[in-house]
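*Asks:* Mind looking over this structure? Questions follow.
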Amino acid sequence: MKKLGFGFMRLPLLDGKEPTSFDKAQIFGMVDAFLERGFTYFDTAYMYHSGKSEEMLREALVERHPRESFLLADKLPTMFLKKPEDVPRIFAEQLTRTGAKYFDFYLLHCLDTENYAIAERLKCFDFVLEQKKKGLVRHFGFSFHDSAALLDEILTAHPEVEFVQLQINYLDWDNERVQSRLCYETAVKHGKKVIVMEPVKGGTLANIPPLAEQMLKEREPSLSVPSWAIRFAATLPEVMMVLSGMSNRAQLDDNTSYMRDFQPLDDEGRALCMQVRDIINHELEIACTACHYCTDGCPAGIAIPEYFALYNQKAEKDKYDDIAAENGKASECLSCGQCEDHCPQHLPIIGLLQRVAAKYEAE
Ligand code: SF4
Ligand code: SF4
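Under the numbering used here, think of the first position of the sequence shown as 2, with each following residue one higher.
Structure follows, in structure tokens:
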């Protein structure tokens with residue numbers, strides 16, 4: 002199995018402000034090219050693209066290619082579960098939405114302290130094992146956004162889990178909050194294979210400071226900046242798959258060019274990534290991955306990740322004004338906290354919005 006997976010989380014859109022306005026012609030072409038080049042792994046989730054990613058995957062992949070020609074991963078949205086009946090209801094809905102008949106990989110989505118408690122209370126681990134016995138799930142895992150200590154606790158309590166999906170990238174490798182390295186080492190200690198999410202950190206590692214870019218280009222002029230991030234993750238020996246949320250054909254062509262015959266980074270290449278990390282850390286103020294988990298339930302309709310991107314880019318006020326004209330302003334935050342409950346990066350969003358407002362709304 003080649004180590005690059007196609008994530009259906011940041012698909013090409015006709016209208017960048019409308020997450021369900023899929024550019025179907027482009028998506029169909031990307032899926033076909035991905036398969037033609039020998040890649041087989043696709044990843045979706047109940048909540049991606051405002052709940053429409055699974056249906057888009059059915060149209061682009063399941064209805065157009067033999068079921069045995071691809072591997073499909075989907076996820077149980079633990080954060081949406083309220084009562085026991087929700088678990089089988091959503092699982093059945095996912096089978097219908099994708100039309101996939103079974104899931105090759107099925108994950109409890111986004112386990113952290115809160116969602117793990119939900120998964121235990123509603124017996125989600127037992128439920129997925131039952132689906133495995135029925136042949137509706139082939140491999141059982143979970144995606145994870147918390148400390149290595151909690152990961153150790155879960156894997157000790159649930160040895161039946163076969164793999165874990167972790168946020169691993171060279172920027173977060175030794176980050177105290179994300180704990181990429183510690184989480185990876187914990188998974189390895191428990192004998193689990195690892196699937197990597199956010200290898201490019203929501204695009205952060207595609208647009209790096211000029212000095213950092215120059216260092217990478219001097220080492221390998223023909224390879225793109227994001228290739229370093231994908232290859233860094235894929236080099237880890239227990240990583241079985243690196244997911245990339247490809248947003249256009251150019252990204253897919255680039256990713257598949259170097260992952261078709263993947264060559265791991267050597268020690269010098271990995272050390273160079275650490276040097277680049279230090280340069281980025283010096284400049285990056287808000288570590289948002291633009292996943293949009295925070296925005297769906299925001300009562301003030303605030304464009305949280307867009308504002309954070311502007312802030313990081315040190316963009317001009319007129320760009321902020323353009324976005325604020327069609328969304329809530331940063332200063333209109335009600336401090337309800339629902340966004341912070343859903344942020345997998347555990348960012349202090351309310352306080353960060355105050356910084357955005359101070360920068361862009363002061364006269
Ligand atoms: S805390 Fe502010 S930004 Fe977050 S959901 Fe509430 S209103 Fe929206
Ligand atoms: S603030 Fe958090 S939840 Fe919102 S887009 Fe950024 S990383 Fe995702």
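All C-beta atoms, glycine included, are put in the ideal place defined by N, C-alpha and C.
In chain order, what are the residues with a CB under 7 Å from some non-hydrogen atom of ligand 1?
*Replies:* Put simply, the residues with a CB less than 7 Å from any heavy atom of ligand 1 are 295, 298, 299, 300, 301, 303, 305, 334, 335, 336, 337, 338, 339, 340, 341, 350, 351, 354, in chain order.
*Asks:* For residue 261 versus residue 39, is the C-beta spacing smaller than 8 Å?
*Replies:* Start at 1 with the first residue of the sequence shown, and residue 261 comes out as number 260. Start at 1 with the first residue of the sequence shown, and residue 39 comes out as number 38. Going by beta carbons, residue 261 and residue 39 fall inside the 8 Å limit.
*Asks:* In whole angstroms, what separates the C-alpha of residue 1 from that of residue 77?
*Replies:* Because the chain is modelled from 2 through 364, residue 1 falls outside the range shown and cannot be assessed.
*Asks:* Buried or exposed for residue 368, going by 16 or more other Cβ atoms inside 10 Å?
*Replies:* Limits of the chain in this structure are 2 at one end and 364 at the other, which puts residue 368 out of reach.
*Asks:* Give the straight-line distance between the Cα atoms of residue 136 and residue 104, rounded to the nearest whole angstrom.
*Replies:* If you number the sequence shown from 1, residue 136 lands on position 135. If you number the sequence shown from 1, residue 104 lands on position 103. The alpha-carbon separation between residue 136 and residue 104 amounts to approximately 9 Å.
*Asks:* What distance in whole Å lies between the Cβ atoms of residue 257 and residue 35, which are believed to be in contact at a cut-off of 8 Å?
*Replies:* Within the sequence shown, the letter at position 34 stands for residue 35. Within the sequence shown, the letter at position 256 stands for residue 257. Yes, residue 35 and residue 257 are in contact; Cβ-Cβ is about 7 Å, under 8 Å.
*Asks:* In the DSSP assignment, what are the bridge partners of residue 44?
*Replies:* Numbered from 1 along the sequence shown, position 43 holds the residue referred to as residue 44. Paired residues: 8, 74.
*Asks:* From this set, 153, 41, 156, which residue's C-alpha is nearest residue 106's C-alpha?
*Replies:* Working through the sequence shown from its first residue, we reach residue 106 at position 105. Residue 41 is the option with its Cα nearest to residue 106.
*Asks:* Apply the 10 Å Cβ neighbour rule to residue 352 and answer buried if 16 or more other Cβ atoms are within range, or exposed otherwise.
*Replies:* Taking the first residue of the sequence shown as position 1, residue 352 is located at position 351. That one is exposed.
*Asks:* Does the stretch 42-55 come into contact with the stretch 273-288, if we say contact requires no fewer than three beta-carbon pairs (one atom in each stretch) closer than 8 Å?
*Replies:* no
*Asks:* Where do the ends of the alpha helix (DSSP H) carrying residue 92 lie?
*Replies:* Position 91 of the sequence shown holds residue 92. Unbroken alpha helix (DSSP H) run through residue 92: 87-99.
*Asks:* Could you tell me whether the stretch 191-208 touches the stretch 157-175, where touching means 3 or more Cβ pairs closer than 8 Å?
*Replies:* yes
*Asks:* Rounded to whole angstroms, what's the CA-CA distance from residue 189 to residue 149? Just pull it up for me.
*Replies:* Residue 189 sits at position 188 when you count from the first residue of the sequence shown. Residue 149 sits at position 148 when you count from the first residue of the sequence shown. Taking the straight line from one Cα to the other gives about 12 Å.
*Asks:* Per DSSP, which residues does residue 18 bridge with? Please list them.
*Replies:* If you number the sequence shown from 1, residue 18 lands on position 17. Beta-bridge pairing links residue 18 to no other residue.
*Asks:* Would you report the Cα separation of residue 173 and residue 122, rounded to the nearest angstrom?
*Replies:* Your numbering for residue 173 matches position 172 in the sequence shown. Your numbering for residue 122 matches position 121 in the sequence shown. So the alpha carbons of these two residues sit roughly 31 Å apart.
*Asks:* In chain order, what residues of the same chain have a beta carbon less than 8 Å from the beta carbon of residue 186, not counting five sequence neighbours either side?
*Replies:* Within the sequence shown, the letter at position 185 stands for residue 186. Within the same chain, residue 186 has close Cβ partners 149.
*Asks:* Of all the CB atoms in chain B, is at least one closer than 8 Å to the CB of residue 278?
*Replies:* Looking for chain B here will not work: only one protein chain is present.
*Asks:* Start and end of the alpha helix (DSSP H) containing residue 340?
*Replies:* Residue mapping note: residue 340 aligns to position 339 of the sequence shown, counting from 1. Here the alpha helix (DSSP H) through residue 340 covers 339-343.
*Asks:* Leaving out five residues before and five after residue 249 in sequence, what residues of the same chain have Cβ atoms less than 6 Å from its Cβ?
*Replies:* Residue numbering aside, residue 249 sits at position 248 when the sequence shown is read from its first letter. Cβ within range, chain order: 13.
*Asks:* Spell out the partners DSSP gives residue 107 in its beta bridges.
*Replies:* On the sequence shown, residue 107 is found 106 positions in, with the first residue counted as 1. Its beta-bridge partners are 75, 141.
*Asks:* Mind checking whether residue 43 and residue 23 have CB atoms under 8 Å apart?
*Replies:* Position 42 of the sequence shown, counting from 1, holds the residue named residue 43. Position 22 of the sequence shown, counting from 1, holds the residue named residue 23. No, Cβ-Cβ distance for residue 43 and residue 23 is not below 8 Å.
*Asks:* CA-CA distance, residue 201 and residue 233?
*Replies:* For this step, residue 201 is matched to residue 200 along the sequence shown. For this step, residue 233 is matched to residue 232 along the sequence shown. Roughly 10 Å separates the two Cα atoms.
*Asks:* For ligand 2, is there any heavy atom lying closer than 7 Å to the beta carbon of residue 325?
*Replies:* Mapped onto the sequence shown, residue 325 falls at position 324. Checking the Cβ of residue 325 against ligand 2 gives no.
*Asks:* Can you look up residue 285 in the DSSP assignment and give me helix, strand or coil?
*Replies:* Locating residue 285 in the sequence shown gives position 284, where the first residue counts as 1. Residue 285 falls in the coil class under three-state DSSP.
*Asks:* List the residues that DSSP assigns as beta-bridge partners of residue 194.
*Replies:* Here residue 194 refers to the residue found at position 193 of the sequence shown. Answer is 164.
*Asks:* Would you kindly report the start and end of the unbroken beta strand (DSSP E) that includes residue 241?
*Replies:* Along the sequence shown, one-based indexing puts residue 241 at 240. Taken as a continuous stretch (DSSP letters only), the beta strand (DSSP E) holding residue 241 covers 240-245.
*Asks:* Who does residue 329 pair with in a DSSP beta bridge?
*Replies:* As a position in the sequence shown, residue 329 is number 328, starting the count at 1. DSSP lists 303 as partners of residue 329.
*Asks:* Measuring only from the beta carbon, is residue 343 closer than 7 Å to any heavy atom that is part of ligand 2?
*Replies:* Position 342 of the sequence shown, counted from the start, is the residue given in the question as residue 343. Yes.
*Asks:* Compute every distance between the C-beta of residue 40 and the non-hydrogen atoms of ligand 2, then say whether any falls below 7 Å.
*Replies:* One-based indexing of the sequence shown puts residue 40 at position 39. In this structure, residue 40 has its beta carbon at no less than 7 Å from each heavy atom of ligand 2.
*Asks:* Take every Cβ of the stretch 81-92, pair it with every Cβ of the stretch 310-322, and state whether three or more of those distances are shorter than 8 Å.
*Replies:* no
*Asks:* Figure out for me which residue from 15, 229, 19 has the closest Cα to the Cα of residue 293.
*Replies:* By 1-based counting over the sequence shown, the position of residue 293 is 292. Answer by Cα proximity: 19.
*Asks:* Straight-line CA distance for residue 37 to residue 310?
*Replies:* The residue labelled residue 37 in the question sits at position 36 within the sequence shown. The residue labelled residue 310 in the question sits at position 309 within the sequence shown. Approximately 35 Å, taken between the alpha carbons.
*Asks:* So what's residue 128 in DSSP terms, helix, strand or just coil?
*Replies:* Here residue 128 is taken as the residue at index 127 of the sequence shown, counted from 1. In the structure shown, residue 128 sits in a helix (DSSP, three-state: H, G or I).
*Asks:* Determine which residues share a DSSP beta bridge with residue 58 and list them.
*Replies:* Here residue 58 corresponds to residue number 57 of the sequence shown, with the count starting at 1. Paired residues: none, contrary to the question.
*Asks:* Excluding the five sequence neighbours on either side, which residues of its own chain have a C-beta within less than 6 Å of the C-beta of residue 307, listed in chain order?
*Replies:* Looking up residue 307 in the sequence shown gives position 306. The answer, listed in chain order, is 324.
*Asks:* Please report the distance separating the alpha-carbon of residue 160 from that of residue 179.
*Replies:* Counting from one through the sequence shown, the residue named residue 160 turns up at place 159. Counting from one through the sequence shown, the residue named residue 179 turns up at place 178. The straight-line gap from Cα to Cα measures roughly 23 Å.
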